[in-house]
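Notes follow once the structure below has been shown.
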Amino acid sequence: MKIQNISCLLTILTTSRLACAYNVFYCGNTAITDEHVRTAYNNALNSAIPGYPRSYKNDDIAYNTTLKIYPLFLNGETRINSSYQCYLAWVGQEIAWGVVIISDMGTQSCERVDFEPFLQLSTIVFG
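Numbering (mature numbering (1 follows the signal peptide of the UniProt record, and there is no 0)), first residue to last: -21 to -1, 1 to 106.
Here is the structure:
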């Protein structure tokens, strides 16, 4: 029995960090994980959705700045929901970034979970 416990402990200790998803933003009650961000960013580089990433300007979110946005698909979604959609958003060379909701009610920033320096986009995307 002790061997099983040690075996389980070793399995837990050696499991890759990639096997766990970390919440990095909250959009209302919706958790956005590092895996959502990584997937969206990698898809944005490969242009998996025609017309994205695209430029988006909203002075309430980023004054006098144009953002690049790419949809985040959650819970098995495969299409953009025109009435309520979360987007990965970044400026320039991904130095400033975040998650926004664009909905029928307007645009809002999602709440960031603060795990510095873990929340740097390059750390999430490239490990």
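We put the CB at the ideal spot given by N, CA and C, even for glycine.
For Tyr35, the uninterrupted beta strand (DSSP E) segment begins and ends at 33 to 36. Ranked by Cα distance from Met84, the first of Ser62, Ile28, Arg17 is Ser62. In the three-state DSSP reduction, Ala75 falls in the strand class (E or B). In the DSSP assignment, Phe105 falls within the unbroken alpha helix (DSSP H) covering 100 to 105.
When C-alpha distances from Ala10 are compared across Glu56, Glu90, Ala27, the shortest belongs to Glu90.
A direct Cα-to-Cα measurement between Ala68 and Ile59 gives close to 15 Å. A Cβ-Cβ separation of about 6 Å places Asn2 in contact with Val92 under the 8 Å criterion. Between Tyr66 and Ile48, the beta carbon gap of about 4 Å places them in contact (Cβ cut-off 8 Å). Looking at the DSSP output, Glu90 sits in a beta bridge with Tyr5.
Secondary structure at Ala10: strand, using DSSP grouped into helix, strand and coil.
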